[in-house]
Amino acid sequence: MWIPTRTSPPLRNLFFNNTPLSLSRKISHFSNEICCNSFSDRSLALFAPFSLLSSRPNRSRTLAPPSKTSHSPIHIFHRRTERFDLDPIEVRQLALRRRGEQLGTVARGPYVRDYVTGLAYRFDLEMVARESLNHARTVEIKGDGLDAWIFDIDETLLSNLPYYTSHGYGLELFNAHEFDIWVEKAIAPAIESSLILYEEVRALGFKIFLLTGRSEGHMNVTIENLKRAGFLHWDKLILRGPNDKGKTATAYKSEKRREIEEEGYRIHGNSGDQWSDLLGYSVSSRSFKLPNPMYFIP
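Heads up: the sequence shown begins at 19 in the numbering used here, then just goes up one per residue.
This is how it looks when you write it as structure tokens:
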């Protein structure tokens, strides 16, 4: 079983250089599409790599928005490492439709397990990081300290796979108390490709905002875990406060992004594993969706 840790053999030579590399040959044996869901009191687990496949790998297409209103595209990566640039409205409609269609689907745990513990998940994470970095390098940094990039934490920077390995890969009913015990250990490993992206984005001159759904009560252990995993020198860590209780993740994160904008920051990138990390209002110029088949947070 592979867990994305700092000590895993690095793939940066494949993904973080200027040499194009076709991944389709390397993961051809993972070509079968996986789409599965599970029940938990968070919500159904929603498989991020939806069954939207084109005939040519590593190509992008833009889905026209349903209105003439301009929206920032969200980049989604699939098990065949193919990219689609989706307008946020299209993404929202697709996410809701998929969730509604699969409410009665019997969860297929072995598929989730095989995906997250195999090479396909690793390649998908690497591809998201590569495309994120490609975008970051195109941004003209103004030099006024107001160019920002937002990262979610869980399943974006830190991997909770060791926890979910012991809890059915998200198929068990979510137990908040048990998960809090895991969080308090502060031992979640880094997602290697996200750590590389984090360091590169910071080196380019972006201000780093960490926007998480964790509560303020977990601030100290979250800081400890981030530093232990290698994430250093962020500019602001934002956690849920008492006034955020009861808000959906979409509403909470939209409000925090607006506050960041009201402080004068320009949000050029936003990386997260949940649709609720990316959608809503005050969206970034580009948003990047990491795969997460284990749970879905509205």
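Glycine included, C-beta positions come from ideal geometry on N, C-alpha and C.
- G259 and D170 do not touch by the CB rule: their CB atoms are close to 17 Å apart, not below 8 Å.
- V201 has its alpha-carbon roughly 11 Å from the corresponding atom of G235.
- Boundaries of the beta strand (DSSP E) harbouring W167: D165 to F169, taken from the DSSP string.
- In the assembly as shown, H251 is an exposed residue. Its beta-carbon has fewer than 16 other beta-carbons within 10 Å.
- Ranking V239, E173, N193 and N238 by CA distance to the CA of I209 puts E173 first.
- Of the residues W167, G136 and S177, the one whose Cα lies closest to the Cα of G248 is S177.
- Boundaries of the beta strand (DSSP E) around S289: R284 to G290.
- DSSP places T230 inside the beta strand (DSSP E), whose first and last residues are K225 to S233.
- For the pair V157 and L308, the CB atoms are not nearer than the 8 Å cut-off.
- For I256, the enclosing beta strand (DSSP E) begins and ends at K254 to R258.
- Approximately 5 Å separates the beta-carbon atoms of G127 and L189; this is inside 8 Å, confirming the contact.
- Counting along the chain, the unbroken alpha helix (DSSP H) around R131 starts and ends at G127 to V134.
- Note that the C-beta distance between N288 and L296 is below 8 Å.
- 8 Å or more divides the Cβ of V239 from the Cβ of Y187.
- With fewer than 16 neighbouring CB atoms inside 10 Å of its own CB, L191 falls in the exposed class.
- Distances from the alpha-carbon of T266 to those of R284, I226, D162 and T230 put T230 closest.
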